[in-house]
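Trainee: UniProt numbering applies: residue 1 is where the sequence shown begins, and numbers increase by one.
For each residue, glycine too, the CB sits at the ideal point set by N, CA and C.
Values in this document were obtained by computation on a predicted structure and should not be read as measured data.
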Amino acid sequence: MTLKRIIKREELNSKHLGETKEILVYLPDDEEKNGEYPLLVLHDGPDYFNLGRIVTQATRMMEQKKIIPFMMAAVPVQKEKRTSEYSPIGQRQPLHMNMIVEELLPLIRTKYPASRKKEDLVIGGSSLGGTVSLHIALTYPEVCDQVLSQSGAFMEATTEQILRQPSLSRLKLYQSVGTSETAVPTHLGTFDLVARNREIYRSLKEKNAQVHYIEDEGDHTWGFWQRDLPRALQTFFGTE
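1) Should residue 145 be labelled buried (16 or more other beta-carbon atoms within 10 Å of its own) or exposed?
2) Is it buried or exposed, residue 93, if we count other Cβ atoms within 10 angstroms and call 16 or more buried?
3) Just verifying my parser: in three-state terms, what is the DSSP assignment at residue 120?
4) In terms of DSSP beta bridges, what is residue 140 paired with?
5) Quick check: the Cα distance between residue 157 and residue 2, rounded to an integer number of angstroms?
6) Tell me the rounded alpha-carbon separation between residue 175 and residue 86.
7) Contact defined as beta carbons within less than 8 Å: I believe residue 242 pairs with residue 137. What is the distance between those atoms, to the nearest angstrom?
8) For residue 238, which residues from the same chain have a beta carbon less than 6 Å from its beta carbon, with the 5 sequence-adjacent residues on both sides left out?
9) For the alpha helix (DSSP H) that contains residue 206, what are its first and last residues?
10) Would you mind giving the Cβ-Cβ distance between residue 55 and residue 49, rounded to the nearest angstrom? I have them listed as a contact below 8 Å.
11) Would DSSP call residue 20 helix, strand or coil?
12) Please state the DSSP three-state secondary structure of residue 232.
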């Protein structure tokens with residue numbers, strides 16, 4: 001089976017953020033021929049397309065019938081605003097989350113054959129992109145139950161929000177971190193992301209979340225995340 005993969009561009013005029021974002025939309029085949037696809041929303045989306053090679057990897061896995069066909073929406077961020085929008089202590093994080101829920105999802109679901117079912121939505125990202133993906137699922141339980149987090153740059157605020165939940169049995173996560181990520185420099189200081197991911201994993205399990213947790217050789221780079229992606233895609237879209 002050879003898929004005719006399609007990448008389209010959509011302008012999202014966000015009232016919440018006061019800016020226009022160019023969203024890349026991946027379709028695995030001619031959208032006129034198929035029903036509704038599951039949807040993967042990606043933070044730092046253009047980097048996932050270019051550096052993570054997620055389109056190439058996903059298309060190959062679909063052709064090999066290792067995963068079911070699904071759509072992707074790649075969401076860009078201005079680098080100077082990234083910490084403010086993605087961090088749980090960032091001033092613009094609530095605005096960013098509102099943009100995803102109230103503007104991006106309706107746009108994609110209105111214009112493309114994306115499923116509107118909660119169980120067909122996955123939100124993901126790497127580093128702070130993984131962090132904000134989890135916070136969207138925690139803040140909007142009616143919208144999202146599935147999170148893909150690679151090397152999540154988690155903070156105390158993340159742990160606190162998890163522990164405030166009575167139960168997280170609804171949540172399904174793919175959570176990975178590289179074993180070399182013990183001193184990762186960020187705009188907010190140097191983090192031991194291995195220790196932070198272990199803490200988040202323990203907190204999530206305490207609240208009965210379903211977590212596919214991976215520690216593997218790697219560091220805080222796209223080399224690790226690209227290599228890790230097939231496992232993540234299989235977790236949510238696998239055919240077995």
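Mentor: Reading it off the structure:
1) By the neighbour-count rule (16 or more Cβ atoms within 10 Å), residue 145 is buried.
2) With at least 16 other beta carbons inside 10 angstroms of its own, residue 93 counts as buried.
3) Assignment of residue 120 by DSSP, reduced to helix, strand and coil, places it in the helix class.
4) Beta-bridge pairing by DSSP links residue 140 to no other residue.
5) If I take the Cα positions, the gap works out to 45 Å.
6) In this structure, the straight-line span from the alpha carbon of residue 175 to that of residue 86 is close to 17 Å.
7) In the structure displayed, the chain extends from 1 to 240; residue 242 sits before or after that span and is not available.
8) Cβ-Cβ distances below 6 Å link residue 238 to 67 in the same chain, with the five nearest sequence neighbours on each side left out; the list follows chain order.
9) Run containing residue 206: 193 to 206, per the alpha helix (DSSP H) assignment.
10) About 6 Å separates the CB atoms of residue 55 and residue 49; that is less than 8 Å, so the two are in contact.
11) Three-state DSSP puts residue 20 in a strand.
12) For residue 232, the secondary structure class from DSSP, reduced to helix, strand or coil, is helix.
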